[in-house]
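K.L.:
I'd like to ask you about the structure that follows.
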Amino acid sequence: MNEHDTERLAGMLVADGMSPAPSEFDADVVVLNTCTIRENADLKLYSALGHLKALKEQRPDMQIAVGGCMAQKDRGQILERANWVDVVFGTHNLAAAPSLLRRARKEGPLVEVLDAPDPEANRDMAPALYAVRDSPFAAWMTIQTGCDNSCAYCIVPAVRGREISRPLEDLVCEATMLAESGVVEITLLGQNVNSYGRDITKRGPLFAQLLCALGDVSGIERVRFTSPHPKDLRPETIRAMSDTPNVCPQLHLPLQHGANRVLSSMRRGYTAERYMEKLARAREAIDDLAVTTDLIVGFPGESDEEFDASLEIISAANFDSAYTFIFSPREGTRAALMNDEFIHDDVIKERFSRLKHVLDRSALAKHDARVGLVEEVLVEGPSRRNDQMWSGRTRQGKLIHFPANDSTVRAGSLVSVRVRHGAPYFLLGDMETVLRAPRHKVRIPLLTS
Ligand code: SF4
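Residue numbering for the sequence shown follows this note's numbering, beginning at 1369 and increasing consecutively.
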């Protein structure tokens, strides 16, 4: 979400007359769009600001702005610690960044952070329409901002505010415009996507309706979403996934932990048994479903027995892959106050390596089972490690590499690839056919003599 916010922010700045600079050394304006989810966000921010201070001393006209979750949380403190910053704006007024930068030229340093989102501003289409997107064939679409849950470890509700959903018609309109520009894959973003629309209507789960509506957008071949909350995963969503052909068979369902006392202490709102029931229903209903998850190791008070119980559930869930996190306290969250129950680093390290072993085993089994199958692959570009290979994503969202031996293939092509080898984090295969050429227009640079 932070990365897509950056695309939207870049779009607003371009619409205001700016153009991208090759690096901060050439830029008149540098905007740092911060995220507090990762550990040490403040260290990273102030070290980046330290580097920019030196540049600003050489070029005093350069403007520096700080936005995003760190700015929302720390506000005026940023100027106190780095008085060479020109503008601080929060998560609720991203679209104000261009005008704040203009005002700061005349008025001097400005801090403008709103305490709560303005629902109307958050539903505004403009930032999405102006977004300067990284890929011409795959796009993110924010469907909702904020979160109404209160997971004990999570800073998001404090920095992103209550859930605000964008109107369904606007999202269909955005998807249609994206399809017209050649985008074939969209990923819907929200903190809890399957509560999408709860703030708009009490009639029916709007997320399931949104999936069905996006199924009718001509040109959109793949729809993905992240992340649904297990407690809100409704049968209607599962049905919409199974009945809508362009919705990919991929479900990222964050379990976080497999022991019920820990889940309750995390305030997740479900038990491990309930999670497994929903998972079973989704797997029954959706053909060839890949399931990924998020897991936290070392939540305060996690006992050896609870960790073992969690490993059993994780092993039984047979995940295709998982994002694993070592608990680290976020100031302002309930879990940060549980410091008398923090788990020792050595214990966490040992648990983490056991968890990784279980996850690698299930990922490898899942990938081995795909050897010999033919996958539909959307080509992303040359492999980062070997330019003799292409990389792409299967419909399940798995990364696959294959030899680049067909000169007609380009980023954005859709090809079929037979899987030859499975590794825990990727597949290897051989291309069989080009299913279609890229749909997006490719800009050919003009050569001047
Ligand atoms: S549902 Fe997700 S975003 Fe919301 S509080 Fe829990 S972890 Fe944070």
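Every residue, glycine too, gets a C-beta built ideally from N, C-alpha and C.
#1: Flag this pair as yes or no: are the beta carbons of residue 1656 and residue 1624 separated by less than 8 Å?
#2: What number of angstroms, rounded off, separates the C-alpha of residue 1808 from the C-alpha of residue 1681?
#3: When burial is assigned at 16 or more other CB atoms within 10 Å of the CB, is residue 1460 buried or exposed?
#4: Could you name the residues of the same chain whose beta carbon sits closer than 6 Å to that of residue 1379, not counting the 5 residues immediately before and after it, in chain order?
#5: CB residue 1704 to CB residue 1727, shorter than 8 Å?
#6: In chain order, what residues of the same chain lie with their CB nearer than 6 Å to the CB of residue 1683, ignoring the 5 residues before and after it?
#7: In this structure, does DSSP put residue 1787 in helix, strand or coil?
#8: Check residue 1548 in the structure and name its three-state DSSP category.
#9: Between which two residues does the alpha helix (DSSP H) holding residue 1676 run?
#10: Contact between the segment 1767-1776 and the segment 1793-1806: three or more CB pairs below 8 Å?
#11: With 8 Å as the threshold, decide whether the Cβ of residue 1686 is near any Cβ in chain D.
#12: Which first and last residues belong to the alpha helix (DSSP H) in which residue 1495 is found?
#13: Does the beta-carbon distance from residue 1841 to residue 1558 come in below 8 Å?
#14: Is it buried or exposed, residue 1484, if we count other Cβ atoms within 10 angstroms and call 16 or more buried?
#15: Measuring CA to CA, which of 1708, 1730, 1679 is closest to residue 1718?
#16: Could you check if residue 1519 belongs to the surroundings of the ligand SF4, using beta carbon to heavy atom distance under 7 Å?
#17: Whose C-beta lies closer than 7 Å to the C-beta of residue 1409 among residues of the same chain, with five residues either side of it excluded?
#18: Where residue 1658 and residue 1476 are concerned, what is the direct C-alpha to C-alpha distance, given to the nearest angstrom?
#19: Inspect the CB distances between the segment 1547-1562 and the segment 1451-1471 and report whether three or more fall short of 8 Å.
#20: Classify residue 1597 as helix, strand or coil using the three-state DSSP reduction.
#21: The ligand SF4 and residue 1560: does the residue's C-beta get closer than 7 Å to at least one heavy atom of that ligand?
#22: Cβ atoms of residue 1565 and residue 1574: under 8 Å apart, would you say?
#23: Under 7 Å: does the beta carbon of residue 1597 sit that close to some heavy atom of the ligand SF4?
#24: Please name the residue, chosen from 1665, 1757, 1531, that lies closest to residue 1521 on a Cα-to-Cα basis.
#25: Taking 8 Å as the cut-off, decide whether the C-beta atoms of residue 1579 and residue 1621 are in contact.
#26: From the DSSP output, in three-state form, read off residue 1808 for me.
#27: On a CA-only basis, which of 1673, 1667, 1758, 1685 is nearest residue 1713? Give me that one, please.
#28: Apart from the five residues just before and just after residue 1730, which ones in its own chain have a Cβ nearer than 6 Å to its Cβ?
#29: Going by the C-beta, is residue 1525 closer than 7 Å to any heavy atom of the ligand SF4?
#30: Looking only at its own chain, which residues have a Cβ that is under 7 Å from the Cβ of residue 1612, when we skip the five neighbours before and after it?
#31: Assign residue 1495 to one of two classes, buried (16 or more other C-beta atoms within 10 Å of its C-beta) or exposed (fewer than that).
#32: Counting C-beta neighbours from all protein chains within 10 Å, is the total for residue 1507 16 or more, i.e. buried, or is it exposed?
#33: Can you round the beta-carbon distance between residue 1567 and residue 1531 to whole angstroms, since I take them to be within the 8 Å contact cut?
#34: Are residue 1783 and residue 1762 close, meaning C-beta to C-beta below 8 Å?
P.N.:
Once the coordinates are examined:
#1: no
#2: Taking the straight line from one Cα to the other gives about 43 Å.
#3: buried
#4: Same-chain partners within the cutoff: 1498, 1499, 1500.
#5: no
#6: 1726
#7: Of the three classes helix, strand and coil, the one that applies to residue 1787 here is strand, per DSSP.
#8: helix
#9: 1672-1685
#10: A contact is defined here as three or more CB-CB pairs under 8 Å, and the segment 1767-1776 meets this definition with respect to the segment 1793-1806.
#11: The structure shown contains no chain D, having only a single protein chain.
#12: 1494-1498
#13: Coverage of the chain is limited to positions 1369 through 1817, which leaves residue 1841 absent and any answer about it impossible.
#14: Around the beta carbon of residue 1484, fewer than 16 other beta carbons sit within 10 angstroms, so the residue counts as exposed.
#15: 1679
#16: yes
#17: 1402, 1403, 1438
#18: 52 Å
#19: Because the criterion of three Cβ pairs below 8 Å is not met, the segment 1547-1562 and the segment 1451-1471 do not touch.
#20: coil
#21: yes
#22: yes
#23: Flag set: Cβ of residue 1597 near the ligand SF4.
#24: 1665
#25: Going by C-beta atoms, residue 1579 is not nearer than 8 Å to residue 1621.
#26: coil
#27: Its Cα nearest to that of residue 1713, the residue 1667 stands out among 1673, 1667, 1758, 1685.
#28: 1686, 1687
#29: Answer for residue 1525: yes, Cβ within range of the ligand SF4.
#30: If the five residues before and after residue 1612 are omitted, its C-beta is found closer than 7 Å to the C-beta atoms of 1579, 1580, 1583, all from its own chain and listed in chain order.
#31: Residue 1495 is buried by the Cβ-count criterion.
#32: In the assembly as shown, residue 1507 is a buried residue. Its beta-carbon has 16 or more other beta-carbons within 10 Å.
#33: 6 Å
#34: By the CB criterion at 8 Å, residue 1783 and residue 1762 fall outside the cutoff.
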